[in-house]
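Asks: Got a structure for you, questions after.
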Ligand SMILES: [Zn+2]
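In the UniProt record's numbering, the protein residues as written are 1 to 239.
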């Protein structure tokens, strides 16, 4: 059976509450990567997700391409959002156990990549335990060594919001693709994937219920969403 970790990027939005309720109903532990701009707009939704046991990670403050920024700007993007997340957890009355980071667009900072990895490591960010991922390309590209959390399967469902002919059927095709051009097959037997989907209001406007329909389809195909684990969660993090 195919297994997957669910990661949800770019929230919180007005849909985050309903997505959270859906995940509870399906007993799925997700990681939601919030940006600062969205957190400011949808604070109640963010707190709701935290209180309902979603693990919330840092997805930068303004969602820039990190390779277009200086190192200082990259770090301030991360730290500003760390402050937001700390406040959210505090307000939610929930202990923050993990500090996880995902680069917007998976852009790891170009020339600053090594410096940023060092920063994440020295600042105590938690590394997702990816030792069950077995795709050779994941190791060949060094993703297993990075502190930030990348992904192995992308639904590309955000393309729905461009209204340029990309349809739900295209997503289904991608899910069933056994030799994808990018990433890994989702439905191959005995694979573990880090799955990426987005919480986008524009996408919901283009195709209502896209999020639930995709996840329900994947569940119907027998994919089991499993609990993420992190390497060395440190007790000094947040009390
Ligand atoms: Zn993003």
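Idealized CB from N, CA, C, for every residue including glycine.
Give a yes or no on whether the C-beta atoms belonging to residue 31 and residue 100 are separated by under 8 Å.
Replies: Within the chain shown, residue 31 is the residue found at index 31, counting from 1. Within the chain shown, residue 100 is the residue found at index 100, counting from 1. Closer than 8 Å, so yes.
Asks: For the stretch 195 to 214 and the stretch 9 to 17, state whether three or more C-beta atom pairs, one from each stretch, are separated by less than 8 Å.
Replies: Taking 8 Å as the limit for Cβ pairs, the verdict is that the stretch 9 to 17 does touch the stretch 195 to 214.
Asks: Report the rounded CA-to-CA distance for residue 231 versus residue 73, giving the unit in angstroms.
Replies: On the chain shown, residue 231 is found 231 positions in, with the first residue counted as 1. On the chain shown, residue 73 is found 73 positions in, with the first residue counted as 1. When rounded, the distance between both Cα atoms is 27 Å.
Asks: If you follow the alpha helix (DSSP H) that residue 33 is in, where does it begin and where does it stop?
Replies: The sequence position of residue 33 within the chain shown is 33, counting from 1. Here residue 33 belongs to no alpha helix (DSSP H); instead the beta strand (DSSP E) covers 30 to 34.
Asks: List the endpoints of the continuous beta strand (DSSP E) containing residue 9.
Replies: Position 9 of the chain shown, counting from 1, holds the residue named residue 9. Its beta strand (DSSP E) spans residues 3 to 11.
Asks: Quick one: any contact between the stretch 171 to 179 and the stretch 114 to 130, if contact means 3 or more CB pairs under 8 Å?
Replies: At 8 Å Cβ cutoff, the stretches do not touch.
Asks: Going by beta carbon distance, what residues of the same chain come within less than 7 Å of residue 184, once the five residues before and after it are set aside?
Replies: For the purposes of this step, residue 184 is identified with residue 184 of the chain shown, where counting begins at 1. The residues are 135, 152, 153, 191 and 193.
Asks: Fully enclosed by the stretch 185 to 213, which beta strand (DSSP E) runs are 3 residues long or longer?
Replies: Fully enclosed beta strand (DSSP E) runs of 3 or longer: 192 to 198.
Asks: In this structure, what does DSSP give as the bridge partners for residue 267?
Replies: Nothing about residue 267 can be reported from this structure: the residues present for the chain run from 1 to 239 only.
Asks: Would you check whether ligand 1 has a heavy atom nearer than 7 Å to the C-beta of residue 10?
Replies: Taking the chain shown and counting its residues from 1, one reaches residue 10 at position 10. Residue 10: yes, Cβ under 7 Å from ligand 1.
Asks: Hey, is residue 189 close to ligand 1, as in C-beta under 7 Å from one of its heavy atoms?
Replies: The residue you call residue 189 lines up with position 189 of the chain shown. Checking the Cβ of residue 189 against ligand 1 gives no.
Asks: Do residue 63 and ligand 1 come close, with the Cβ less than 7 Å from some heavy atom?
Replies: Translated into the one-based positions of the chain shown, residue 63 becomes position 63. True, at least one ligand heavy atom lies under 7 Å from that Cβ.
Asks: Hey, would you say the C-beta of residue 59 is under 7 Å away from at least one heavy atom of ligand 1?
Replies: Translated into positions along the chain shown, residue 59 becomes position 59. Yes - ligand 1 has a heavy atom lying nearer than 7 Å to the Cβ of residue 59.
Asks: Between residue 36 and residue 81, what straight-line distance do the alpha-carbon atoms span, to the nearest angstrom?
Replies: Against the chain shown, residue 36 aligns to sequence position 36. Against the chain shown, residue 81 aligns to sequence position 81. Rounded to the nearest angstrom, the two C-alpha atoms are 5 Å apart.
Asks: What does residue 142 pair with, by DSSP beta-bridge criteria?
Replies: Here the question's residue 142 lines up with position 142 in the chain shown. In DSSP, residue 142 forms no bridge with anything.
Asks: Around the Cβ of residue 42, are there at least 16 other Cβ atoms within 10 angstroms (buried) or fewer (exposed)?
Replies: Taking the chain shown and counting its residues from 1, the one referred to as residue 42 is at position 42. Classification of residue 42: buried, given that the 10 Å Cβ count is 16 or more.
Asks: Here's a check: name, in chain order, each residue in its chain whose Cβ is nearer than 7 Å to the Cβ of residue 158, leaving out the five neighbours to either side.
Replies: By 1-based counting over the chain shown, the position of residue 158 is 158. Closer than 7 Å at the Cβ level, and outside the excluded window around residue 158, lie 198, 200 and 203.
Asks: Within this structure, are the beta carbons of residue 19 and residue 91 separated by less than 8 Å?
Replies: The residue you call residue 19 lines up with position 19 of the chain shown. The residue you call residue 91 lines up with position 91 of the chain shown. In this structure, residue 91 does not lie closer than 8 Å to residue 19 by Cβ.
Asks: Would you mind giving the Cβ-Cβ distance between residue 110 and residue 67, rounded to the nearest angstrom? I have them listed as a contact below 8 Å.
Replies: The count along the chain shown starts at 1 and reaches residue 110 at position 110. The count along the chain shown starts at 1 and reaches residue 67 at position 67. Going by Cβ atoms, the distance from residue 110 to residue 67 rounds to 3 Å, so yes, they are a contact pair.
Asks: Would you give the residue range spanned by the beta strand (DSSP E) that residue 55 belongs to?
Replies: As a first step, residue 55 is located in the chain shown; it is residue number 55 there, counting from the start. Looking at the DSSP string, the run of the beta strand (DSSP E) that includes residue 55 is 55 to 58.
Asks: State the CB to CB distance for the pair residue 58 and residue 85, rounded to an integer number of angstroms; the pair is presumed to be in contact (CB under 8 Å).
Replies: Position 58 of the chain shown, counted from the first residue, corresponds to residue 58. Position 85 of the chain shown, counted from the first residue, corresponds to residue 85. 6 Å between Cβ atoms; contact.
Asks: Among 64, 27 and 208, which one has its Cα closest to the Cα of residue 107?
Replies: Taking the chain shown and counting its residues from 1, the one referred to as residue 107 is at position 107. Considering only alpha carbons, the answer is 64.
Asks: So, are the CB atoms of residue 168 and residue 4 less than 8 Å apart?
Replies: Sequence index remark: in the chain shown, residue 168 carries index 168 (1-based). Sequence index remark: in the chain shown, residue 4 carries index 4 (1-based). Not a contact, by the Cβ cut-off of 8 Å.
Asks: Using three-state DSSP, classify residue 154 as helix, strand or coil.
Replies: Taking the chain shown and counting its residues from 1, one reaches residue 154 at position 154. In this structure, residue 154 counts as strand in the three-state DSSP scheme.
Asks: Hey, how far is the Cα of residue 195 from the Cα of residue 139?
Replies: On the chain shown, position 195 is the one that residue 195 refers to. On the chain shown, position 139 is the one that residue 139 refers to. Their backbone Cα atoms lie some 17 Å apart in a straight line.
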